[in-house]
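Numbering (the working numbering), first residue to last: 329 to 597.
The structure appears below as structure tokens.
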Amino acid sequence: MRARRGVKRIVKSGAALLSNLVPPPPSGPQKIIILMYHRINSFRHNELSVKTDTFRKQLEWLRENRFRNMRISELEALEGTANLGDRRVIFSFDDGYEDTFLNALPLLREYGYSGIFYIPPGFIGTDRMAPRDWLETKSHEKNRRLSWEQVEALLEAGMEIGSHSLNHWKLTDLPAERARGEIFQSRKRLEEKLGVKITSFCYPGGYYDQSHVAMVRRAGYLSACTASPGRLDLDRLLTLPRLAVQSSDSFYIFRKKLEGRMEFFKIIR
Ligand SMILES: [Zn+2]
Numbered sequence: 329m330r331a332r333r334g335v336k337r338i339v340k341s342g343a344a345l346l347s348n349l350v351p352p353p354p355s356g357p358q359k360i361i362i363l364m365y366h367r368i369n370s371f372r373h374n375e376l377s378v379k380t381d382t383f384r385k386q387l388e389w390l391r392e393n394r395f396r397n398m399r400i401s402e403l404e405a406l407e408g409t410a411n412l413g414d415r416r417v418i419f420s421f422d423d424g425y426e427d428t429f430l431n432a433l434p435l436l437r438e439y440g441y442s443g444i445f446y447i448p449p450g451f452i453g454t455d456r457m458a459p460r461d462w463l464e465t466k467s468h469e470k471n472r473r474l475s476w477e478q479v480e481a482l483l484e485a486g487m488e489i490g491s492h493s494l495n496h497w498k499l500t501d502l503p504a505e506r507a508r509g510e511i512f513q514s515r516k517r518l519e520e521k522l523g524v525k526i527t528s529f530c531y532p533g534g535y536y537d538q539s540h541v542a543m544v545r546r547a548g549y550l551s552a553c554t555a556s557p558g559r560l561d562l563d564r565l566l567t568l569p570r571l572a573v574q575s576s577d578s579f580y581i582f583r584k585k586l587e588g589r590m591e592f593f594k595i596i597r
């Protein structure tokens, strides 16, 4: 596991250096970058976990480099011709792990940023574990999900909540009726539990096809995040690109990603 990540980091670093040869991206709506995080902690080292002190460094760099924060709801309300001025960054956290509440939230507040937390309600307040977590750690303790009280506390702290389906199943593996249930019911469940409107969806694992986009639209969501990088298009709010921030990203790679220079190495992410 660790060796593989090391190799990935070397390949990415090479790509980051090469990326200096291409021109920087033009200005426009792509000034908005949605960052995809999963877990922030100090004990776990898989690809989805970013260390707490690394996350702090990233926030520090974003602030120093005048990246302004944006909320998903602001993006949903944007007009195509909006003049954004400074670059904007949207923080997103998938899967509803407790460590986002314990470690990411205090830092976001310290730096005055907000973020959207994509929650699969079927996991909230339960001991349910993703198969991958069980295989990697055999530990409930290290893989706790948020409680409903913590989700409420996120809202009270000015964070946004989105749906990450009910059970985090790959939508493309499900019969249409089941996929529809995942998309519609998760929104209903979150709205009933939290008493707020849920307008944003996130495709589990980034898997979807056009039939799912249509379901997301019919369910009343105004935006939906994928797990693929790319240029943000205000006419395609239901397939929003995101930049993954991973544990194999050195700080140099993180910077290059934010500068829009890693975009053509989509395969590496
Ligand atoms: Zn997920």
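The beta-carbon is built from N, C-alpha and C at its ideal position, and this holds for glycine as well.
Beta-carbon gap between residue i and residue j smaller than 8 angstroms
| i | j | result |
| --- | --- | --- |
| Leu499 | His540 | yes |
| Ile418 | Leu363 | yes |
| Ser493 | Pro448 | yes |
| Asn431 | Thr382 | no |
| Arg517 | Ala547 | no |
| Phe529 | Leu474 | no |
| Val378 | Ser575 | yes |
| Ala572 | Ala555 | yes |
| Ser420 | Arg570 | yes |
| Ile511 | Val544 | yes |
| Leu562 | Leu390 | no |
| Arg333 | Asp427 | no |
| Ala504 | Tyr531 | no |
Bridge-paired residues (DSSP) for residue i
| i | result |
| --- | --- |
| Arg416 | Ile360 and Arg396 |
| Asp422 | Tyr446 |
Neighbourhood of residue i by C-beta distance below 7 angstroms, restricted to the same chain and skipping five residues each side
| i | result |
| --- | --- |
| Lys385 | Phe579 |
| Glu464 | Asn374 |
| Ile596 | With a pLDDT of only 49 at Ile596, under 50, the local geometry of the prediction cannot be trusted, and no value is derived from it. |
| Lys359 | Leu412, Arg415 and Arg416 |
| Trp476 | Ile452, Gly453 and Lys521 |
Range covered by the alpha helix (DSSP H) that runs through residue i
| i | result |
| --- | --- |
| Arg367 | No alpha helix (DSSP H) holds Arg367; the beta strand (DSSP E) holding it covers Arg367 to Asn369. |
| Val541 | Gln538 to Arg546 |
| Arg460 | Pro459 to Thr465 |
Where residue i sits in the DSSP three-state scheme
| i | result |
| --- | --- |
| Ala432 | helix |
| Asp577 | coil |
| Lys516 | helix |
| Leu613 | This structure cannot speak to residue 613, because the chain is shown only from 329 to 597. |
| Ile489 | strand |
| Leu494 | coil |
| Lys379 | strand |
| Arg473 | strand |
| Ala572 | strand |
| Asp563 | coil |
| Ala552 | strand |
| Asn374 | coil |
| Ile452 | coil |
| Val335 | helix |
| Lys385 | helix |
| Arg589 | coil |
| Lys525 | coil |
| Gly342 | helix |
| Leu390 | helix |
| Gly534 | helix |
| Gly509 | helix |
| Phe482 | A small fix is needed here, since residue 482 is Leu in this sequence, not Phe. DSSP places Leu482 in helix when its eight states are reduced to three. |
| Leu499 | helix |
Sequence-distant residues of its chain with Cβ nearer than 6 angstroms to residue i (five each side left out)
| i | result |
| --- | --- |
| Leu550 | Glu404 and Thr527 |
| Tyr536 | Leu499 |
| Gly533 | Lys498 |
| Leu450 | Note that residue 450 corresponds to Gly in the displayed sequence, not to Leu. The answer, listed in chain order, is Leu494 and Asn495. |
Element boundaries [beta strand (DSSP E), containing residue i]
| i | result |
| --- | --- |
| Tyr446 | Gly443 to Ile447 |
| Phe529 | Ser528 to Cys530 |
Cβ-based neighbour list, residue i, same chain, cut-off 8 angstroms, excluding 5 preceding and 5 following
| i | result |
| --- | --- |
| Met487 | Leu433, Leu436, Ser442, Gly443, Ile444 and Phe445 |
| Val479 | Gly424, Phe445, Ile447, Ile452, Ile489, Lys521 and Leu522 |
| Glu519 | Lys525 and Ile526 |
| Asn397 | Arg416, Val417, Ile418, Phe419, Gly440, Tyr441 and Ser442 |
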